[in-house]
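First up is the structure itself, then whatever we jot down about it.
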Amino acid sequence: MQSRLPILIFAVLMAAIPFVPGMPPFWIVLLDNIGLAALVAMGLVLLTGVGGLTSFGQAAFVGFGAYTTALLTTAYGLSPWLTLPLSLVVSGLLAVLLGLVTVRLSGHYLPLGTLAWGLGLFYLFSKLEFLGRNDGISAIPPLSIGSFKMLSPGSIYYAIWVAVILSALLTMNLLDSRTGRAIRALRRGHVAAEAFGVHTPRAKMLVFIHAAVLAGLSGWLYAHLQRAVNPTPFGAQAGIEYLFIAVVGGAGYVWGGVLGAAIVVILKEVLQSYLPLLLPGSGQVETIVFGIMLVALLQLAPGGVWPWLMSFLPERTGGRKPDTSLMLESRTRAAGQSGVLLQVEKARKQFGGVIAVNNVSFDVQAREIVALIGPNGAGKSTTFNLITGVLSATSGSISVLGKKVDRAPPQEIVKLGISRTFQHVKLVPDMTVLENVAIGAHLRGHSGPLASMLRLDRADEAKLLAEAARQIERVGLSDQMHHLAGSLSLGQQRIVEIARALCVDPMLLLLDEPAAGLRHMEKQQLAKLLRDLRDGGMSVLLVEHDMGFVMNLADRIVVLDFGTKIAEGTPATIKTNPEVIKAYLGVAA
Amino acid sequence: MNTTIMLFLLQDGITNGAIYALLGLALVLVFAVTRVILIPQGEFVTYGALTYASLASGQMPGTAKLALAMGIVAFAFDLFVARKALHGRLIVRSVLTNIVLPAIVLAVTLYFAGQKPPVAVCIALSLLIVAMIGLFLYRIAFQPLAHTSVLVLLIASVGVHLALQGLGLLFFGAEGQRGPAVLSGAFTAGSLRFTGQSLTVYGITIAFIVGLWLFFGLTLYGKALRATAVNRLGARLAGIRTTLSGQIAFLLASVIGALSGIMIVPITTLYYDSGFLIGLKGFVAAIIGGLVSYPLTAVAALFVGIVEAFSSFYASNYKEVIVFMLLIPVLLLRSLAAPAVEEEKD
């Protein structure tokens, strides 16, 4: 594959470095350290840069990996190769435990929470008797293959960089998959992802464990490189340092982690060896310069160095168009999809003293376009959120095909075949249109994270992308398929949302102001598309302010005002309804 | 244990807790207004404390020179940003705040250094110096990054912490210092002894909490700060200068930090790197307070102080473990009660 070529070249280069004649052994040590830091930073790229979960506590996971192997190889004489899986499992289990507590934290509690347990675990390392307190554990056996012992930094070099490159490949495979798209959607909030069946707490937990296991791997290698461990390198300072390695390199990019590790490790080394020559006799000058350079670097390139470097490369020509002949199985439909699809009965939603939706009842039949209209603040979007499970109703009930779904979460609603778009566009701007739309087909794919990492998901993945491409074609955005969603106009982004919703293979489509920001021609195309969908057997419930659009399109109109239904009927009757005219114009006609 | 020990530990905890409360308040303030998680808050503490102690013992604190140096850099930043539209008033104002003011303070400090000035002069000078450092710090490090994400601001904050801590070692050396009591004298009530120092701590903490409450509730600047915290863009559209809000926040934070330092340094020996851990405990309190609530933060800080005092008596080895692990149950409760609101990041 074409995209693997640079990685192959990189691997060959790295393999050749120790053979360069006259290569100072000290440089190899530096490269070892870069590799170790890169592993941790790579986990953080996924966790922080991609998933939006900031963690200061990664050093603690490195510590757990290192102490696990140190203890088991010295006190119990296990082989280091046996302790490798154990180190990873211990780090992973710790991540599960800490993740259960911290991952659900929103916003800024999470980084602070990780800082807190990072510190706590650090003090624990330095106080526990069987971990050797502040002295740590020494005389750890080296890695060995047969009689070959990896005693020198030059021999363990290969173990470290094989681990780095393999981890980078697995991580990139993971990102470029069904699970990866769910992870990449996390940073933009959970509502949109959940509306397409992504279990966001599970996705967060997954990246948390992935990052912890990578950190544990780094710790295991560290223990066998140094052949001694003590608490110092696993403290809060180290945790903070890993994070800024990721940020300096470019927090959203796997190779940014590696580059960041190289920049920070080399910068520190240079400062430590040369600054004392320039300014003799002064204590921590390198820390001062390091701190100042860090701030300066962030001011010059807040996005990190990797994306800044990449911007010099010629832009990649758009990816290949997926093979649209591959078919994805349709969603299994409940029997009897005629009659009433959606029944809203006396739904009520109160926010404190405000009644956003006041005992509203209406229904949507099969093959019908129903419009929900009303002045701003009438409760239309809240009604949408009640139907899709984002909010739960204070009272009243909502049923789909006769089955009550009052307390069902969004992930269950979408399984019933109800998909939606959002009033405020919720796309992932740095993902392509194709990838964004493919999130809509999330529930129709099956591959898990392990399969994705090992590339066993390709058949499944090809079908998902084919379905996404078909829906993009259907809404007329084929030319923009490989553009970043954030580069499209707002109107086009709304259309992308419709394609994403269509990927669910829905029986009922909920559209929140789909025509806003569209030009006249585009509105006509949209209306035609919606009519075609209806004629093909789908129902549509839409909120819209453009009266011309609604009156020409809808079969039936429900009018809300201040949370209360004031009228319902065909467009013709609604146009002449005095209540409606009063709500919109403020006077009796 | 008997009641005397318990009361003693309680008193000790409350004194420390009051300091953590002040720091927690400053952290909440800065975070709310600028989205910066102010890790260098601890450096404001040590700078304040050690500047005060140096002055009182007749030494010249290097921080006064740092303030001038930072002022010059800040002036350069001002000039660079305004290079397309330079006009006289702007330059004069920038010179006055960034160069003339720290130069005067440096001159006054040089005048007093070596002659052991009275406590009041030491306090005033230390506060002034650290306040200027805080102000210029915002201008140099954070104002150019004001538009970036919380994460980038946080990393910058770490960088600033490292630089300031390194400078602290340069200025004050590796040895710890103690300063003279702000208020000497003591009285006893029952078995408890109240020193003037600890009473000062209580008094100033309460005064600050009430002061901040009044400031945010009643004054126009306070309301502008709150508006900036809620919605930056909206505040700008309403004519609030968000950079001014940031400057006020940093000014307040540095004054609070320095004041806390001046209050602790007569009680405990402080080293150039003591600030980090003290600041972190203020942090713990701020997190328990949810980074939004001032009263809750104050109560949490007292709690942290008391837990620390008791655990240092019973399990001094695990003192830090206990204080930081205290957060886990709090976070657990918070995550159970997590609001289901959508957060738009970046």
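Residue numbers (this note's numbering), protein chains in the order written: chain A, 1 to 589; chain B, 1001 to 1346.
Ideal placement from N, C-alpha and C gives every residue a C-beta, glycine not left out.
1) Across which residues does DSSP place residue 363 of chain A in a beta bridge pair?
2) Just checking, does the region 32-52 of chain A make contact with the region 219-235 of chain A on the three C-beta pairs under 8 Å criterion?
3) Taking 7 Å as the threshold (beta carbon to beta carbon), is residue 1072 of chain B in contact with chain A?
4) Using a 10 Å radius around the Cβ and a threshold of 16 neighbouring Cβ atoms, would you call residue 2 of chain A buried or exposed?
5) For the alpha helix (DSSP H) that residue 419 of chain A lies in, which residues bound it at each end?
6) Using a Cβ-Cβ cut-off of less than 8 Å, give me the residues of the region 1266-1283 of chain B that come near chain A, in sequence order.
7) For the structure I just gave you, are there three or more beta carbon pairs, one from the region 1257-1269 of chain B and one from the region 1021-1036 of chain B, closer than 8 Å?
8) List the DSSP bridge partners of residue 1252 of chain B.
9) Distance cutoff 7 Å, beta carbons only. Does residue 1325 of chain B sit that close to anything in chain A?
10) So with Cβ pairs under 7 Å, would you call residue 1 of chain A a contact of chain B?
11) What are the residues that DSSP puts in a beta bridge with residue 348 of chain A?
12) In terms of residue numbering, what span does the beta strand (DSSP E) encompassing residue 1194 of chain B cover?
13) Is residue 1321 of chain B close to chain A, meaning its C-beta is less than 7 Å from at least one C-beta of that chain?
14) Pick out the complete alpha helix (DSSP H) segments inside the region 1138-1194 of chain B, 4 residues or longer, and give them in chain order.
15) Give the secondary structure of residue 569 of chain A by DSSP, where H, G and I count as helix, E and B as strand, and everything else as coil.
16) Between residue 1008 of chain B and residue 123 of chain A, what straight-line distance do the alpha-carbon atoms span, to the nearest angstrom?
17) Just checking: is the beta-carbon of residue 1151 of chain B within a distance shorter than 7 Å of some beta-carbon in chain A?
18) Identify each residue in the region 109-126 of chain A for which the Cβ-Cβ distance to at least one residue of chain B is less than 8 Å, and report them in chain order.
19) Report the neighbours of residue 285 of chain A on chain B: residues whose CB is nearer than 8 Å to its CB, in chain order.
20) Who pairs with residue 1287 of chain B in a beta bridge, going by DSSP?
21) How about residue 1118 of chain B: is its C-beta nearer than 7 Å to some C-beta of chain A?
22) What residue range does the alpha helix (DSSP H) around residue 217 of chain A cover?
23) For residue 1187 of chain B, which residues from the same chain have a beta carbon less than 7 Å from its beta carbon, with the 5 sequence-adjacent residues on both sides left out?
24) Classify residue 1111 of chain B: buried if its beta carbon has 16 or more other beta carbons within 10 angstroms, exposed otherwise.
25) Among residues of its own chain, excluding the 5 on either side of residue 83 of chain A, which ones have a beta-carbon nearer than 8 Å to its beta-carbon?
26) Relative to chain B, which residues along the region 285-302 of chain A have a C-beta separation below 9 Å, given in chain order?
27) Contact criterion: CB-CB distance below 7 Å. Does residue 1159 of chain B meet it with respect to chain A?
28) According to DSSP, is residue 37 of chain A part of a helix, a strand, or is it coil?
29) Using the Cα positions of residue 26 of chain A and residue 267 of chain A, report the straight-line distance between them to the nearest angstrom.
30) In three-state DSSP terms, what is residue 1094 of chain B?
31) Counting beta carbon pairs with one atom in the region 512-525 of chain A and one in the region 428-438 of chain A, are three or more of them shorter than 8 Å?
32) Determine, for residue 1331 of chain B, whether the minimum Cβ-Cβ distance to residues of chain A falls below 7 Å.
33) Distance cutoff 7 Å, beta carbons only. Does residue 413 of chain A sit that close to anything in chain B?
34) Throw me the rounded Cβ distance for the residue 382 of chain A and residue 350 of chain A pair, which I believe falls under 8 Å.
35) Against chain B, does residue 54 of chain A count as a neighbour if the rule is that its beta carbon must be under 7 Å from one of theirs?
36) Below 7 Å between beta carbons: does that hold for residue 360 of chain A and residue 504 of chain A?
So, from the data block:
1) A/343
2) yes
3) no
4) Because the pLDDT at residue 2 of chain A is just 45, under 50, the model does not fix this residue reliably, and the value given afterwards should be weighed accordingly. Exposed, since its Cβ has fewer than 16 Cβ neighbours within 10 Å.
5) Note, residue 419 of chain A: premise wrong, no alpha helix (DSSP H); beta strand (DSSP E) at 418-420.
6) 1280, 1283
7) yes
8) DSSP output for residue 1252 of chain B lists no bridge partner at all.
9) yes
10) Residue placement at residue 1 of chain A is flagged as unreliable, the pLDDT there being 40, under the threshold of 50; a coordinate-derived value is accordingly withheld.
11) A/395
12) 1192-1195
13) yes
14) 1150-1172
15) strand
16) 26 Å
17) yes
18) 109, 111, 112, 113, 115, 116, 117, 119, 120, 123, 124
19) 1166, 1170
20) Residue 1287 of chain B is not bridged to any residue.
21) no
22) 200-226
23) 1194
24) exposed
25) 68, 69, 72, 73, 220
26) 285, 286, 287, 288, 289, 290, 291, 292, 293, 294, 295, 296, 297, 298, 299, 302
27) yes
28) helix
29) 15 Å
30) helix
31) no
32) yes
33) no
34) No, residue 382 of chain A and residue 350 of chain A are not in contact; Cβ-Cβ is about 10 Å, not under 8 Å.
35) yes
36) no
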